[in-house]
Amino acid sequence: MRVGALSALLWVAAAGARAVAPRSDHPYIRPSGDDRRSPCPGLNTMANHGYLPRDGKNLDLAMLVKAQHEVFNLAVDLATGIATLGLALCGTDGVLNLDDLDAHEKMEHDSSLTRADASTGDDHTINPEIVHQVLSFSSDGVVMTWDDFARARAAREASLFGGRLNLSNKTAAAAEAVFSHNLFLDASGRGARLDFLRTWYLEERLPDGWVAPIQEQSLERTQTEAATFIALVDTYRYRQ
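This is the structure in structure tokens:
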């Protein structure tokens, strides 16, 4: 499906894009039984609320792009790029199950903000200890600023052998931090609300009262912010 066609499809979702969470037509339901989930809090949250199939199976490009735009207000170019990459690296015949994304060094990478490294034998389950460690970098215990995320990111990478991710994974990790910061930015713009991040990271649930950002998160914006974030992480890495 071309981007133009996807753009038309997304107009259908636009009316609900700014609704306050949780929406009555998209309640939070924990996964159970044979439901599949990924190493990504964002994708899992969309499945837990029914924006993606709740069983996490047989997801195609249109489903993935529509859900990312409707829930998180990711622009079509960015949502399409993420979905296309995931399907190319981890999918089969144009579809994937969420747990297919757990393939190490494809979409999943070490030094996650919510999961342990592959070397531990479990890089797919939420690790509360890691989440609490990451959130402990909040300077004021209320929000996570850009600098707070950079210090947390540097600390997570310092635990790796050699203390480095490869360029592809470093870029992905930076984009994940950028999303976390921008999606849950508080009203003052100081940083991402700690209570919202805690709910999202630990429960993979849209926090009560959360509203998606007004400004779309475009591919160009993400690339620019990720590059800035990587440079900031490096300054903290060298101070350790």
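When you line the sequence shown up against mature numbering (1 follows the signal peptide of the UniProt record, and there is no 0), it's residues -19 to -1, 1 to 221, in that order.
Glycine included, every Cβ here is placed at the ideal spot set by N, Cα and C.
If you're wondering where the values come from, they're calculated on a predicted model, not measured in any experiment.
Reference residue i; option with closest CA among the options
i: ASP215; options: ALA135, GLY67 and ASN29; result: ALA135
i: ILE111; options: HIS90, LEU213, ARG137 and SER119; result: ARG137
i: LEU213; options: TRP191, LYS151, GLY190 and ALA168; result: LYS151
i: LEU40; options: PRO20, ASN54 and THR65; result: THR65
i: ARG4; options: GLU86, TRP127, GLY170 and TYR32; result: TYR32
i: TRP127; options: ALA193, ASN147, LEU175 and LEU146; result: LEU175
i: SER13; options: ASP167, ALA2, ALA28 and ASP6; result: ALA28
i: ALA207; options: THR73, PRO109, ALA154 and GLU86; result: ALA154
i: SER149; options: LYS47, THR73, PHE53 and LYS87; result: LYS87
i: ARG145; options: VAL192, ALA168, SER93 and HIS7; result: SER93
Distance between residue j and residue i (C-alpha atoms, nearest Å)
i: LEU183; j: GLY75; result: 30 Å
i: PHE130; j: ILE195; result: 22 Å
i: VAL123; j: LEU45; result: 32 Å
i: THR95; j: ARG202; result: 24 Å
i: HIS113; j: ARG179; result: 8 Å
i: ALA156; j: PRO34; result: 25 Å
i: ALA(-6); j: GLU51; result: Only weak support exists for where ALA(-6) lies, its pLDDT of 39 falling under 50; the value from the coordinates is given anyway. Cα to Cα, the separation comes out at about 7 Å.
i: LEU141; j: ASP83; result: 19 Å
i: LEU116; j: LEU68; result: 31 Å
i: THR106; j: PRO22; result: 11 Å
i: HIS85; j: ASP6; result: 34 Å
i: PHE210; j: LYS38; result: 33 Å
Residue environment, residue i, which counts as buried when at least 16 other CB atoms sit within 10 Å
i: ILE63; result: buried
i: ARG11; result: exposed
i: LEU(-14); result: The pLDDT assigned to LEU(-14) is 41, lower than 50, so where the model puts this residue is not dependable, and the model offers no usable value.
i: ASN25; result: buried
i: PRO20; result: buried
i: ASN147; result: exposed
i: GLU185; result: buried
i: THR61; result: buried
i: ASP16; result: buried
i: SER119; result: buried
i: SER169; result: exposed
heavy atom of the ligand ADP below 6 Å from residue i C-beta
i: ASP41; result: Among the ligands in the structure shown, none appear at all, so the ligand ADP cannot be discussed.
Element boundaries [alpha helix (DSSP H), containing residue i]
i: residue 222; result: Residue 222 is absent from the structure shown; the chain starts at -19 and stops at 221.
i: THR73; result: Careful: THR73 lies outside any alpha helix (DSSP H) and carries neither H nor E.
i: SER149; result: 148 to 164
i: ILE111; result: 109 to 116
i: VAL46; result: 42 to 53
i: PRO34; result: No alpha helix (DSSP H) holds PRO34; DSSP gives it neither H nor E.
For residue j and residue i, believed in contact at Cβ under 8 Å, the rounded distance
i: GLU197; j: ALA43; result: Not quite, the Cβ-Cβ distance comes to about 18 Å (not below 8 Å), so this is no contact.
i: ASP98; j: SER199; result: About 31 Å; that fails the 8 Å criterion.
i: ARG18; j: ASP91; result: With a Cβ gap of about 19 Å, ARG18 and ASP91 do not count as contacting.
i: PRO218; j: ALA139; result: Before going on, a small fix: residue 218 reads as Arg here, not Pro. Sure, about 7 Å apart at Cβ, within 8 Å.
Any C-beta of chain D under 7 Å from that of residue i
i: HIS50; result: The displayed structure is made up of one protein chain only, and chain D is not part of it.
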